[in-house]
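Heads up: the protein sequence lines correspond to chains A and B, in order. Under my numbering, think of the first position of the first sequence as 1, with each following residue one higher. Under my numbering, think of the first position of the second sequence as 1001, with each following residue one higher. Beta carbons are placed, not taken as given, at the ideal position from N, Cα and C, and that holds for glycine.
2 protein chains.
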Amino acid sequence: MSTPDLIRKLNGFFPVGDTLQGDLDALTREQVLLAPGESLIHAGDPLTNIYIVDEGWMLRSRHLPGGGRQIVGIALPGDFLCFSSLMFETSDFDLTAKTQAAVSRLQIDSFRSLMHLHPGLAEALVWSTAHEESLLAERIVSLGRRDATERLAHILCEIVARLQLIDRHDGEVLSLPLIQEDFADILGISVIHIVRTFKRLAMLGAVEYRTRKLALLDVAKLHRIAGFDGEYLHFSQRRDVRPIHHKPD
Amino acid sequence: MSTPDLIRKLNGFFPVGDTLQGDLDALTREQVLLAPGESLIHAGDPLTNIYIVDEGWMLRSRHLPGGGRQIVGIALPGDFLCFSSLMFETSDFDLTAKTQAAVSRLQIDSFRSLMHLHPGLAEALVWSTAHEESLLAERIVSLGRRDATERLAHILCEIVARLQLIDRHDGEVLSLPLIQEDFADILGISVIHIVRTFKRLAMLGAVEYRTRKLALLDVAKLHRIAGFDGEYLHFSQRRDVRPIHHKPD
DNA sequence: CGAGGCGTTGACACCCATCAACATGGGTGG
DNA sequence: CCACCCATGTTGATGGGTGTCAACGCCTCG
């Protein structure tokens, strides 16, 4: 089985040759199926695998002593998970399926040797890592310096853009598995204030949210509210990547 | 010239063999000297290099339309900068020297081929990337779910731990180049509230701050206030890393 | 038809931002 | 050595954004 979403995502960024396609297909993989709410890994668990999301939404979160939760990342089909298994022994976060999900499990040791045999795989991982790092940094900007309305608009812009990249964007009304409590824990805001904030976005004519359905009324307006500049996603940029095993001139 | 801080840092994590040491020495490097306040790169600039900080503190920040600033990372001696140059064409952030600083500039193309010739270099980069990713994720938890006092205590714990790792921790009173405005922009809090928060930490008997000097009165108490668990730094863990070019049994 | 998940509303309190003014202190030039 | 100045830190008053609590409404699913 190939990894159509990963390929599609990388292809949006730089031309994916047959080599990389082959590399990814060559992975010996075990697929894990998860029910909604089921966890792939818990904070403190040993890290022994890398994963690629094949289908579904996964959330990376931390549970705090006081009972709170902070979601630090959303993983969509085509995303790598637990890349830090390459270096660290335990996980700092929970990894939980938000929908029914399917992920490919890759033993870290075999992944290492596969990376050596298939340099394109290393490229894919590096791209994915750089990309995720961008998302984290941008989230920090949001949490640090944007108010609730801007934050919510911003994450919605980001989600829409990411879904478009993997062709999961189904038009005017978007199905997404996140409930308002999830948005609260992504944005560092209380659930009740998320309600108010969605209402404000609706009154502004940008979007309307109702239980896992998001109606996109005016995406341009949403971008304006968020101060969204998709540059940090680096979707439109293509660097002419030479596989690592090619010597430069 | 070697990279003592990078080596020291990696060594705290896994045993650094002669191979990696040699790899790092083999880098053909151009050193850049920066005055305090001087920028190495601005948001929007093309990314054509990777850097290693040899000396000084660097801040990675974003300036917002409204005039605000969010600092997303602190780079200390031994840290890589702009690793995303491997994949992206432009920078999303400013990189500014907070002290006098010296960084080694490495052309991205020669860095790529060096990574191939010296697998240990790739290991070092991956470790550094994973490490930075951990810091970003933990910062998101702070900004999302900790109040001002916890946030400030937490970043202070993190800074102390990072300085210890590179032997820059000079005892009871710590010199650090950050002013209160910097803390404000790291933590997403106003300067004025940082003042009050430092005062609270002083009244609690944890630390006292006065113009680039931090007196550590009771580090254990500071940890307790922050809810600090250094696990995310992964300093005490050592994974037995096999260089990528070794086949697993 | 009942129950539970999810969303909504209003009242109230608190954390933190904003503004304006003032204090301190180290460095620089005369 | 003094005077000044600029960076940095400090204080108080006030207001707004957001959290908390409690109660209720709606929809879905079994």
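- Comparing C-alpha distances from Q1180(B) to each of L1152(B), A1097(B), P1046(B), L1076(B) shows the shortest one belongs to L1152(B).
- Three or more Cβ pairs closer than 8 Å define a contact, and the stretch 1211–1231 of chain B meets that threshold against the stretch 1147–1163 of chain B.
- When T1048(B), D1045(B), D1054(B), D1025(B) are compared, the shortest CA-CA separation from Q1031(B) is found for D1054(B).
- The shortest C-alpha to C-alpha distance from G205(A) to any of K221(A), D45(A), R145(A) is the one to K221(A).
- C-alpha of K1199(B) to C-alpha of F88(A): approximately 37 Å in a straight line.
- The criterion of a C-beta distance shorter than 8 Å is not satisfied by S1084(B) and A35(A).
- Between V1173(B) and the set G1144(B), H1118(B), L1214(B), the nearest pair of CA atoms involves L1214(B).
- If you draw a 10 Å sphere on the C-beta of R1224(B), you find fewer than 16 other C-beta atoms in it, and that means exposed.
- The stretch 1014–1025 of chain B makes contact with the stretch 1108–1127 of chain B, as at least three CB pairs between them are under 8 Å.
- Along the stretch 1135–1156 of chain B, the positions whose C-beta sits under 9 Å from a C-beta of chain A are L1136, A1137, E1138, R1139, I1140, V1141, S1142, L1143, G1144, R1145, R1146, read in chain order.
- Under the criterion of beta carbons closer than 8 Å, S128(A) and D79(A) qualify as touching, at roughly 7 Å.
- Contact note: L64(A) reaches chain B through R1145, using a C-beta cutoff of 7 Å and chain order.
- Among the bridge pairs identified by DSSP, G73(A) is matched with R60(A).
- Taking the Cα of H1193(B) as reference, the smallest distance to any Cα among P1004(B), E1038(B), D1170(B), D1147(B) is reached at D1147(B).
- Cβ contact annotation for A202(A) (same chain, cutoff 6 Å, sequence separation greater than five): E208, in chain order.
- Those residues of the stretch 1117–1130 of chain B placed with their C-beta closer than 7 Å to a C-beta in chain A are V1126, W1127, T1129, A1130, ordered along the chain.
- With the criterion set as a beta carbon lying under 9 Å from some beta carbon of chain B, the members of the stretch 188–207 of chain A are G188, I189, in sequence order.
- Positions of the beta strand (DSSP E) runs, each at least 3 residues long and wholly inside the stretch 1145–1170 of chain B, cannot be given because no such run exists.
- DSSP links V1032(B) through a beta bridge to V1103(B).
- Here the C-alpha atom of T149(A) lies approximately 41 Å from the C-alpha atom of L1006(B).
- The alpha helix (DSSP H) runs lying completely inside the stretch 198–242 of chain A and spanning 4 residues or more are 219–226, given in chain order.
- Assignment of beta-bridge partners to P1046(B) by DSSP yields T1090(B).
- Counted as a single uninterrupted DSSP element, the beta strand (DSSP E) harbouring S175(A) occupies residues 173–175.
- Put simply, the backbone Cα of H116(A) is about 19 Å away from that of C82(A).
- For L86(A), the nearest CB of chain B lies under 8 Å from its own CB, placing it at the interface with that chain.
- Secondary structure of T19(A) (DSSP, three-state): helix.
- Short of 7 Å from the beta carbon of V195(A), and not among the five residues preceding or following it, lie these beta carbons of its own chain, in chain order: Q180.
- Of the candidates L1176(B), V1219(B), L1125(B), L1176(B) places its Cα closest to the Cα of R1212(B).
- Per the C-alpha coordinates, the member of G188(A), G17(A), R210(A), L178(A) positioned closest to Q100(A) is L178(A).
- By a beta-carbon distance limit of 8 Å, Y1051(B) contacts S1104(B). Their separation comes to about 6 Å.
- Listed in chain order, the positions of the stretch 226–237 of chain A with a beta carbon within less than 7 Å of a beta carbon of chain B are G227, E231, Y232, H234, Q237.
- Between E132(A) and G66(A) a beta carbon distance of about 27 Å is seen, past the 8 Å cut, so the two are scored as non-contacting.
- Here I1140(B) is near I140(A), since their CB atoms are less than 8 Å apart.
- Within the stretch 64–81 of chain A, contact with chain B at the beta-carbon level (separation under 9 Å) is assigned to L64, P65, G66, G68, R69, Q70, I71, V72, G73.
- Excluding the 5 residues flanking it on each side, V1191(B) has same chain C-beta neighbours closer than 7 Å at Q1180, E1181, A1184, in chain order.
- G37(A) is positioned such that its CB atom lies no closer than 8 Å to that of A102(A).
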